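These notes are about the structure you will find just below.
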Amino acid sequence: MSDNKGVRRVNEDLARERANCSFDVREITFLLDGGENNTITRKKIEDFTLTDELLSDKVPDECLSPKEKYENAVRKSCLFGKLVKDKLLEFGGLETFGPNSFVLRRIADAFFKEISPLLLHLGMFVPTILGQCTAEQQSEWLPRALSMQVIGTYAQTELGHGTFIRGLETTATYDPETEEFVLHSPTLSSFKWWAGGLGKTVNHCIVVAQLHTKGQCHGTHPFIVQIRDLETHQPLPGIKVGEIGPKLGFNTADNGFLGFDKYRIPRMNMMMKNAQILKDGTYVKLDRHGKMTYGTMVFIRVMVVNEVAFNLAKAATIAVRYSAVRRQSEKKPGEPEPQILDYVTQQHKLFICIATAHALQLTSDWLWRTFSGVVTDIKHGKTDSLPEFHALSSCLKAISTSDAALLIEQCRHSCGGHGYMMSSNLPLIYSFVTATRTYEGDYTVLLLQTARFLIKAWEQAEAGKPLTPTVSYLTKYFKDGRVPWDSTSEGIVNAAYGVAAGKISACVKSIRNRVKTGLSYEDAWDLTTVQLVAAAEAHCRAVICDVYRSEAVRLTEKSSPNVRAVMRQLTTLYLHYWALERIGDLLRYSAVSEEDVVALQQKYEELLALIRPDAVGLVDAFDIRDEILNSTLGAYDGRVYERLMEEALKSPLNAEPVNRSFHMYLKPLMQGKL
Ligand SMILES: CCCCC/C=C\C/C=C\C/C=C\C/C=C\CCCC(=O)SCCNC(=O)CCNC(=O)[C@H](O)C(C)(C)COP(=O)(O)OP(=O)(O)OC[C@H]1O[C@@H](n2cnc3c(N)ncnc32)[C@H](O)[C@@H]1OP(=O)(O)O
Ligand SMILES: Cc1cc2nc3c(=O)[nH]c(=O)nc-3n(C[C@H](O)[C@H](O)[C@H](O)COP(=O)(O)OP(=O)(O)OC[C@H]3O[C@@H](n4cnc5c(N)ncnc54)[C@H](O)[C@@H]3O)c2cc1C
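Residue numbers (full-length UniProt numbering): 1 to 674.
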């Protein structure tokens, strides 16, 4: 579907693909948007936000200097921020920042090829105020933050520590005399490092620091800290702040560093929902669970699953449309060059990207609903569901970001040389998504968090105790022996759970055997971490396969037969792909036979052929507007070569026929005068 305005002649191959598509593209768009009404609202918002006047960039962003790029990003952020403030709240007020904030995120991509310097303001500063402040503090900070009088970020990571939060060195020492906290950076490694927008943009930030009072340290807590003057924007006395320099991506996010020299903030600037300091310096802990101050990280991990699903959908749209337009080589001598989409290897590279985008999107919707339940529980003082949710969100964040980054890179490979052009947008999509594997909790570290939970769950199963929903399968597989094999979708999901259970069991055995040799539990755990990461990955894959399969069935119950058929083909393709990828595990833990493996491969190849005629329709159904795709290769009309040339001509190097370096260096070199 496209209502893109001003679309010129569509490439003939793309037009033919669309004519041959077996289903009504709009139907799948509605499914992915969560209903027709959501699609209508999204399109309305897109229509009045994505105007040429706001978006036009005479020189491509990637041709600007770092400083110009940043300034352009600030300009657009302010325009975008004003738009959100003035207009978008009409579409549901603050509620817009619930699931509908995904629409805002989507539109933001039309404004920023990289990142808005204000992303962390809306993405982390505001959510932390909501999650970590008392009602009284919220009434002070939230209106100022939402009206952008106060612009903030989230400064937790330091030069010396990111993963190990308990190891952070910045101190916040309470002084009862003045009722203030004294923030201090005692070492170079204690300097805050990385916070987005900190380098040049924000005037406030949330600082995570070790709280000291009455001579005792109570661990890390969040504080709201003003770092720049609201009028002059100069850093305040006692603050050392700057930008950390060029990175693989995120280059318009002005990630920054920050150090404190005995810098004072009022007592009430400690975010006091989960712990308080009384005027006399008494520490009062309100968090019965103990990790409630990590709440913003959990929230962002949930958001990130959706974020990477959307970015993978963008990459798949670009690569599939390009593959329908691009013709190369010959299959049989003398025949016309085929569309590269007709190569089975190309289908193998790309259809898994479409299926994974669906799998992650549906899993993310399910995760969001589960998260809402946990938040409601917490509001009622119940924190029992938190350990399971932490384990679930950690592994889903790790696997979704890692899979998406690998598959986006695969989309780039599938576009050959042109995929390497910045104007294809694939390099920027990749550089953005590959960072998600690291920030908000590194891949390995988060999988090891899930593994802790899985090992405990296994021990509970052994003791005959009840298990929480996402690990209840362990009871079923709590026995030695191989899982029966059955090649239906349900059978493959069961086998995936069987593999996870087998791997968890192997980890438990390994740890126990090592402990028996006299090692401490910690050492035995450490030596088993390669297996533990693999077990957590297997668990997570089983969950994604299960949720994707069951959600796709549920969502398409009322769909037309053709939509149901193509959605079924995609889920089956996904399950077969992962069964084949993990065939070694299946041979080890299930009763799959050699003939079954041959049948799996054959079915997988049949599915590629079945999906082929609908591939362009499937990416059209993501309904990502050209302004948001930002790609010479992926635009709806398929005018790939024209766009590549148009963009090339915008290069500043083409502004003059001869560059001055010819006269300065080349000519002297040619004439032996250098
Ligand atoms: C235009 C519209 C805008 C709207 C925006 C919307 C969307 C945008 C979406 C996304 C983009 C947003 C922003 C993106 C840009 C960049 C953002 C980057 C920001 C950052 O990058 S910001 C820094 C994040 N930095 C980390 O992410 C550090 C990772 N490091 C940790 O997270 C911890 O350090 C850990 C967990 C490794 C160890 O922590 P530890 O040492 O204290 O704990 P320990 O290992 O001892 O565990 C003791 C017991 O606590 C349990 N436990 C731990 N954590 C828990 C939790 N969260 N909940 C419940 N239980 C938890 C354990 O499971 C265990 O349980 P048990 O004992 O039962 O096993
Ligand atoms: C683009 C980007 C934006 C960011 N934005 C912010 C921000 O706005 N605010 C903020 O506070 N932070 C931010 N960060 C920091 C980010 O959260 C951290 O980089 C991340 O949590 C990883 O921590 P680290 O850098 O300390 O990695 P390290 O922990 O040093 O990891 C290095 C390696 O050691 C391994 N490792 C570490 N610990 C263990 C362990 N226990 N077991 C096994 N292996 C281990 C890791 O797996 C990894 O391979 C950002 C980072 C990036 C890249």
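Beta carbons are placed, not taken as given, at the ideal position from N, Cα and C, and that holds for glycine. It should be emphasised that the depicted structure is a prediction, and the values quoted were computed from it without experimental measurement.
Beyond the five residues adjoining it in sequence on each side, SER147 comes within less than 8 Å, by CB distance, of LYS85 in the same chain, given in chain order. As DSSP reads the structure, GLY242 sits in a beta bridge with PHE257. In this structure, LEU120 has its beta carbon less than 7 Å from a heavy atom of ligand 1.
The three-state secondary structure of LEU211, taken from DSSP, is strand. Pairing SER593 with VAL305, the inter-Cα distance amounts to about 35 Å. In this structure, the C-beta of TYR439 approaches ligand 2 to less than 7 Å from one of its heavy atoms. Just so you know, the alpha carbons of ARG482 and VAL493 end up roughly 15 Å apart.
Rounded to the nearest angstrom, the gap between the Cα atoms of GLU557 and ASP623 is 22 Å. In terms of side-chain proximity, the C-beta atom of LEU159 is found no nearer than 7 Å to any non-hydrogen atom of ligand 2. Closest by C-alpha distance to GLY196, out of LYS247, GLU606 and HIS348, is LYS247. A distance below 6 Å between beta-carbons, with the five flanking residues on each side excluded, links TYR577 to the following residues of its chain, in chain order: ILE352. Relative to the non-hydrogen atoms of ligand 1, the Cβ of GLU307 comes within a distance shorter than 7 Å of at least one.
DSSP, read as helix, strand or coil, puts GLN156 in coil. With a cutoff of 7 Å, VAL225 does not count as near ligand 1, since its C-beta is closer than that to no heavy atom of the ligand.
In the three-state DSSP reduction, VAL84 falls in the helix class (H, G or I).
For the pair of segments examined, the region 379-399 was found not to touch the region 319-337: the number of CB pairs separated by less than 8 Å stays below three.
By the Cβ neighbour-count rule, PRO427 is buried, with 16 or more other Cβ atoms within 10 Å of its own.
Between LEU407 and LEU312, the C-beta spacing is below 8 Å.
For CYS545, the enclosing alpha helix (DSSP H) stretches over residues 529-555.
If you check the CB distance, LEU188 and ALA209 do not come in under 8 Å.
For ligand 1, a non-hydrogen atom lies closer than 7 Å to the CB of LYS291. Under DSSP, LEU183 forms a beta bridge with ALA172 and TYR263.
Within the same chain, and ignoring the five residues on either side of THR201 in sequence, the residues whose Cβ sits closer than 6 Å to its Cβ are PRO117 and ASP254.
Per DSSP, the beta bridge partners of PRO235 are ARG228.
Scanning ALA355, LYS291 and ALA145 for the CA closest to the CA of VAL320 turns up ALA355. Around the beta carbon of VAL598, a 10 Å sphere encloses fewer than 16 other beta carbons of the protein chains shown; the residue is thus reported as exposed.
For TYR283, there is no enclosing alpha helix (DSSP H); the residue is found in the beta strand (DSSP E) stretching over 283-285. Distances between the C-beta of GLY131 and the heavy atoms of ligand 2 are all 7 Å or more. Per DSSP, reduced to three states, the secondary structure at SER147 is coil, with no helix or strand assignment.
Your pair ASP13 and VAL433 does not check out as a contact, with CB atoms roughly 28 Å apart and the cut at 8 Å. The region 557-567 makes contact with the region 9-29: 3 or more CB pairs, one atom from each, lie closer than 8 Å. A residue is called buried when at least 16 other Cβ atoms come within 10 angstroms of its Cβ; GLN216 does not meet this threshold and is exposed. By the criterion of at least three beta-carbon pairs nearer than 8 Å, the region 338-350 is not in contact with the region 361-379.
Taking 7 Å as the cut-off, the C-beta of ALA108 counts as close to a heavy atom of ligand 1. Closest in C-alpha terms to VAL543, from the list PRO469, CYS411 and TRP141, comes PRO469.
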